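Reading through the structure tokens given below for one structure.
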Amino acid sequence: MPIEFEAPKPIAQTQFVLKTIAEEMMRSHSRYFDEHEREIPWDYIEFMHNAMKATGVGSLAPKEKGNGHEGDEKKEKLPAIAYQALAAQIEMLAWGDVGMYLVTPGGGLGAAAVQAAGTPEQKAKFLRRFSDEKPTLAAMCMTEAGAGSDNSAIRTRAILDENTDEWVLNGEKIFVTSGDKSLTEYEKLGRGFIVVWASIDPAAGRRGMRAFVVEAGTPGVKVTKLEHKMGIRVSDTAAISLMDVRVPYDHILGSVTVEKTTIGFKGAMATFDATRPLVAASGLGVGRAALEFLKEKLTENGIEIRYGLPRQKLTNIEREVIDMEIMLKSAWLMVIKAVWMADNKKPNALESSMSKVKAGDVCTKITQKVVEILGPLGYSREFLAEKWFRDAKITDIYEGTGQINRLVVARQILGYSGKELR
Amino acid sequence: MYSFEPTEEQQMLVEAVGKYAGNDLRPAAREAEEGGELPKKLISKGWEIGYLQASIPEAYGGFGERSAVTGVLALEEMAFGDLAGTLAVMTPSLFATPILLAGSEEQKQTYLTKVIAGEWSPYTAALIEYVFDFDSNALKTTATPSGEEYVLNGEKAFVPFAKEAEAILVYANLSGQTQGFIVEKGAAGLTISDEREKLMSLNALPLYRARLDNVRVSALSRLGGASGHDFEPILASMRLANAATATGVANAAFEYARDYAKEREAFGVKIAQKQAIAFMLAEMRTEIEASRLLAWEAAWKLDTGKDDAFTEAYLASVGAADMAMMVTDRAVQILGGHGYIREHPVEMWMRNGRGFATFTGLVIV
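Going down the list, the sequences are from chains A and B.
Positions 34 to 455 (this note's numbering) are the ones given, in order, by the first sequence.
Positions 2 to 366 (this note's numbering) are the ones given, in order, by the second sequence.
The following block contains the structure:
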């Protein structure tokens with residue numbers, strides 16, 4: 034395939050539908066859910082669940098025939114544009130409302146971790162539920178009070194009880210996106226799960242890190258707090274405590290032996306390589322929403338962007354808009370390249386982190402600039418610009434801060450290990 | 002479908018260009034800059050790679066088809082070696098490519114074969130003017146119809162190889178439109194400055210002023226013939242070339258600074274092991290990638306005739322100019338005092354870097 038930038042047909046076709054959803058089901062309710070932080074957008078959740086079930090679009094649930102047997106491995110493989118399609122869908126949904134996008138049923142980062150690090154049996158066992166009757170959510174529990182970007186500092190422990198062949202988990206997790214909807218029983222939701230990162234051997238540091246699936250309703254796991262946030266308020270952010278939580282042996286994702294490898298930690302990192310460009314895509318959706326809104330307002334006020342003029346002839350606002358378009362377009366291309374590489378099974382740690390660095394910068398800068406240029410209209414809660422400003426900021430923080438991603442990029446381009454470049 | 006893989010042919014071309022850039026252009030760059038001269042042999046060797054020849058169809062003596070995507074790939078790679086050398090090698094394209102894109106059949110027949118036959122020969126173009134507020138869509142040089150002829154008046158600046166040029170494609174303002182006119186060597190009223198332009202960089206490239214005092218050219222010399230041509234696709238191709246060369250220079254500076262930072266020690270470690278330096282490098286690499294992809298997409302849009310191709314070429318050029326300034330500045334910063342010394346190339350690249358805001362018109366894909 035020569036260099037080409039035409040969105041694959043299936044993606045282009047779904048974008049049209051997604052745009053309608055983004056406008057009708059999301060954007061028009063953005064303000065309401067921003068101001069009613071604890072309410073759950075049931076209409077959106079149910080609509081999306083039914084739509085995903087009907088079309089298979091956006092769902093990580095295995096296809097009907099795949100039952101985890103070895104021969105099904107081939108059928109189970111994602112089509113070659115799966116990540117590209119996800120990035121495009123996420124960008125559009127985030128353009129509608131990024132907080133609401135995070136509440137989309139289908140497993141989110143929890144399911145992504147199973148998808149990236151789980152065995153075929155585990156994928157079949159844990160992912161099938163997402164195409165069941167009720168919408169279901171799952172969450173990823175990595176962060177702790179004392180372990181953010183430095184996730185090797187995780188204190189949550191998993192000990193194997195050899196008598197019962199069960200893992201016993203103990204620890205406290207914070208900042209779990211959709212933790213509440215994944216664990217708490219709601220009549221309208223199916224049974225979810227969380228993926229908990231814990232150490233099976235603290236002396237082994239990163240090498241001892243493993244991911245465990247904890248089903249909702251397992252005794253000892255509890256949501257202890259829901260955060261109040263600057264933005265993405267419709268998405269719940271939970272603190273979760275695990276007290277002597279027992280899970281079956283095969284709920285450990287991937288390999289159990291510690292050996293002298295960092296396979297557990299690498300599992301987490303593999304998940305991040307896959308999901309970082311997707312998070313980048315969500316931020317760029319917000320950035321696009323803000324930039325489009327600004328351009329509409331400029332047009333309404335008779336201000337036209339005169340593309341093609343030399344820089345010194347442009348007004349300040351024209352320069353700002355042009356700079357924002359350059360940022361947004363190029364950041365999007367970086368996302369597309371990163372997911373295209375993922376789809377084509379090319380190692381993309383560098384491209385993935387670069388896309389996140391860039392998107393984090395771009396969507397915060399654009400939303401900040403849009404509020405500034407719009408002045409009172411931007412700052413007022415009458416329009417959504419101020420909300421996009423609050424929503425966008427999280428892009429540069431979650432799924433690896435801009436700084437930790439710079440570190441990843443730097444190590445890649447310098448060929449340094451974590452020890453050589455701390 | 003999305004794809005980021007150059008074709009095999011493109012890869013082969015890029016590889017050949019890369020060898021030339023690394024083995025020939027780069028080693029010669031400093032001496033050429035200081036001495037103000039590029040060896041003719043060096044230019045010939047670049048010409049022999051056959052970039053322009055491969056973008057012209059067989060009917061006009063070439064052996065291929067022009068592609069903007071191929072152009073940005075090749076130009077980034079060549080500029081990674083040296084900018085002045087790249088602009089010299091590519092100068093005949095400034096004359097030939099607009100004729101290929103917009104010329105009349107007669108112009109194509111007359112000139113294309115001539116330009117690409119045999120050795121590199123000095124055919125050039127004149128777009129830039131030495132004025133405050135320069136705008137390639139509002140030129141001060143004028144073309145006035147006079148019977149079967151046009152009369153050209155004005156002064157063009159930064160014209161590569163003007164002194165020896167066989168013909169110059171002069172852009173002038175014809176009732177508000179930028180139009181190209183082919184002016185042959187020795188045309189009455191055409192005066193090329195004796196002194197070369199003195200710029201902040203590109204000392205190796207012979208650039209001249211060209212004065213036009215009532216230069217009369219036949220109506221057939223108007224690019225595209227009697228009905229003229231659309232300037233937008235030509236300008237977009239120049240902008241893409243500008244973006245590609247900016248990316249190449251920036252990448253040269255990035256790689257040099259990266260390698261230096263991995264060698265240089267301070268406080269008992271390599272300076273690249275300090276986050277202050279490592280983060281600068283990470284951002285440089287990220288912004289280079291951003292500009293590169295935007296240029297690729299704009300080029301693809303130009304090749305496939307997308308509606309927003311011209312706008313995107315503009316965005317790619319503006320973005321790459323800013324990026325190149327940022328990256329080359331940081332490269333000097335990472336080398337510290339050594340970066341400021343002319344023994345290392347980064348100071349030259351930084352002087353190149355500021356130029357991309359001005360260079361549109363000096364190179365074309």
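For each residue, glycine too, the CB sits at the ideal point set by N, CA and C.
All of these numbers come straight from a predicted model, not from anything done at the bench.
- Nearest in C-alpha terms to residue 252 (chain B), of all of B:286, B:341, B:24, is B:286.
- The C-beta of residue 130 (chain B) comes no closer than 9 Å to any C-beta of chain A.
- Under a criterion of Cβ atoms nearer than 7 Å, the residues of chain A adjacent to residue 138 (chain B) are, in order, 341.
- A check of alpha carbon separations from residue 232 (chain B) across B:193, B:188, B:181, B:212 identifies B:181 as the nearest.
- Under the three-state reduction of DSSP output, residue 200 (chain B) falls in the coil class, being neither helix nor strand.
- Just so you know, the alpha carbons of residue 66 (chain B) and residue 245 (chain B) end up roughly 19 Å apart.
- Here residue 217 (chain B) carries a strand assignment [DSSP, helix/strand/coil].
- Taking 9 Å as the cut-off, the beta carbon of residue 392 (chain A) is found no closer than this to the beta carbon of residue 306 (chain A).
- The beta carbons of residue 76 (chain B) and residue 321 (chain B) sit about 11 Å from each other, so the pair does not count as a contact at 8 Å.
- Taking a C-beta distance under 9 Å as the contact criterion, residue 205 (chain B) and residue 127 (chain B) do not qualify as a contact pair.
- Using beta-carbon distances, residue 142 (chain B) does not count as an interface residue toward chain A, since no partner is under 9 Å.
- Using a Cβ distance threshold of 9 Å, residue 132 (chain A) and residue 268 (chain A) count as a contacting pair.
- Under the Cβ distance rule, residue 127 (chain B) does not count among the residues neighbouring chain A, no pair being separated by less than 9 Å.
- Sequence-ordered contacts of the region 432-453 of chain A with chain B read 436, 438, 439, 440, 441, 442, 443, 444, 445, 446, 447, 448, 449, 453 [C-beta pairs closer than 9 Å].
- Distance between residue 32 (chain B) and residue 40 (chain B), taken at the CA atoms: about 10 Å.
- Here the alpha carbon of residue 358 (chain B) sits roughly 59 Å from the alpha carbon of residue 254 (chain A).
- For the region 102-150 of chain B, the full-length alpha helix (DSSP H) segments reaching 4 residues or more read 114-117 along the chain.
- Within 10 angstroms of the beta-carbon of residue 261 (chain A) lie fewer than 16 other beta-carbons, which makes it exposed.
- The residue from B:328, B:278, B:312 with its alpha-carbon nearest to that of residue 290 (chain B) is B:328.
- Contacts with chain B at 9 Å (Cβ-Cβ) include residue 363 (chain A).
- For residue 343 (chain A), no alpha helix (DSSP H) encloses it, and the DSSP letter there is neither H nor E.
- Inter-segment contact for the region 106-119 of chain B and the region 55-62 of chain B is present: three or more beta-carbon pairs are separated by less than 8 Å.
- Proximity of residue 373 (chain A) to chain B, defined by a Cβ-Cβ separation below 9 Å, is satisfied.
- Of A:219, A:238, A:222, the smallest CA-CA separation from residue 184 (chain A) is found for A:238.
- Taking all protein chains shown into account, residue 264 (chain B) has fewer than 16 neighbouring C-beta atoms within 10 Å of its C-beta and is therefore exposed.
- Going by DSSP, residue 174 (chain B) is part of the beta strand (DSSP E) stretching over 168-175.
- Distance from residue 216 (chain B) to residue 188 (chain B) at the Cβ level is roughly 5 Å; contact confirmed, criterion being Cβ atoms closer than 8 Å.
- Contact between residue 151 (chain A) and residue 315 (chain B) fails: their C-beta atoms lie close to 47 Å from each other, not under 8 Å.
- Taking a contact to require three or more Cβ pairs closer than 8 Å, the region 93-110 of chain B and the region 330-340 of chain B do not qualify as touching.
- The residue from A:193, A:227, A:75 with its alpha-carbon nearest to that of residue 141 (chain A) is A:227.
- Along the region 390-410 of chain A, going in chain order, the ones with a CB nearer than 8 Å to a CB of chain B are 390, 391.
- Residue contact with chain B for residue 38 (chain A): present (Cβ-Cβ distance below 9 Å to some residue of chain B).
- Chain-ordered listing is empty here: chain B has no CB closer than 7 Å to the CB of residue 124 (chain A), the nearest sitting near 14 Å.
- Rounded to whole angstroms, the separation of the alpha carbons of residue 248 (chain B) and residue 292 (chain B) is 7 Å.
- According to the DSSP assignment, residue 125 (chain A) belongs to the alpha helix (DSSP H) that extends over 115-135.
- A straight line joining the alpha-carbon of residue 48 (chain A) with that of residue 82 (chain A) spans about 17 Å.
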